[in-house]
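Number 615 in the working numbering belongs to position 117 of the sequence shown; there are no gaps in the numbering. Glycine residues also receive a C-beta, built at the ideal position from the N, C-alpha and C atoms. Computed from a predicted model, the values in this text were never measured in an experiment. Structure first, then comments.
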Amino acid sequence: MKTALIIFTRNPELGKCKTRLAKTLGDQSALDIYKHLLQHTANVSKEVDADRFVFYSEAINKDDIWRVAHFRKKLQKGIDLGERMHNAFDELLSSGYEKVIIIGSDLLDLNATIIENAISELDNHDVVLGPAQDGGYYLLGMKQLHPAIFKNKAWGTETVRQDTILDLKNKNVSLLKLLNDIDTFDDLKHYEALKKFYNH
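Written out as structure tokens, the structure reads:
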């Protein structure tokens with residue numbers, strides 16, 4: 499089945515990304531860590547057998563880690579995260595993709611096997627969801643648009659996943675394993691690979 503993998507990314511600019519992390523570590527360390535996470539996400543995504551789309555938050559960067567040999571580039575459209583995701587799913591499902599998966603770009607624990615497993619789960623499920631430890635989700639996949647899950651959510655809070663599952667109570671949902679996404683210092687301090695960015 500024709501599959502699209504969406505990566506939602508913030509343009510990596512000083513003072514504009516990982517703001518909760520920046521409160522503890524400062525803007526430069528937060529930016530360095532985010533760039534490291536983006537590179538990890540790019541490396542993982544390249545291993546997945548799907549058409550890959552990077553949706554930028556502010557502007558499309560021509561020359562960055564998302565090489566055009568591997569990624570197609572688009573711009574997020576919408577007022578909040580829900581509307582932006584809805585529009586991205588709608589665009590790709592409408593253009594002929596039978597499975598569409600979206601992932602975040604701030605998980606060191608994410609790997610290609612998890613994403614490929616999510617794609618496979620859509621063979622027998624309506625929706626696949628990757629739960630994050632903070633109460634949100636790091637992955638969402640579907641074969642047709644379910645608009646309700648993108649509305650009336652307190653994005654960035656611990657209620658997002660539970661509210662999403664409630665919206666899908668009549669659907670066949672596959673839950674992947676719980677992963678940790680990196681938003682605060684507590685989220686990252688057990689990762690050896692990130693210590694070089696703040697242990698100076």
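Asked, Found
"Please report the straight-line C-alpha distance between ALA520 and GLN526, rounded to a whole angstrom.", "8 Å"
"If we ignore side chains and look at the alpha-carbon of each, how far apart do ILE600 and LEU638 end up?", "5 Å"
"Are the region 565 to 577 and the region 592 to 608 touching by the rule of at least three beta carbon pairs closer than 8 Å?", "no"
"Which residues mark the beginning and the end of the alpha helix (DSSP H) in which LEU579 is found?", "579 to 592"
"Which parts of the region 665 to 695 are runs of the beta strand (DSSP E), unbroken and 3 residues or longer, counting only runs that do not cross its ends?", "671 to 673"
"With DSSP collapsed to three states, give me the class of LEU606.", "coil"
"Counting pairs of beta carbons, one from the region 580 to 588 and one from the region 527 to 545, are three or more of them closer than 8 Å?", "no"
"I need the DSSP call for ARG550, collapsed to helix, strand or coil.", "strand"
"Near THR522, what residues of its chain come up, given a Cβ to Cβ distance below 6 Å and the 5 sequence neighbours on each side ignored?", "PHE683"
"Please say whether ALA616 and VAL625 have beta carbons closer to each other than 7 Å?", "no"
"From the DSSP output, in three-state form, read off PHE569 for me.", "coil"
"Could you tell me the distance, in whole angstroms, from the CA atom of GLY634 to the CA atom of ASP561?", "31 Å"
"How many Å lie between ASN502 and GLY513 at the Cα?", "This sequence places Ala at residue 502; Asn is not what is there. In a straight line, the C-alpha of ALA502 is about 31 Å away from that of GLY513."
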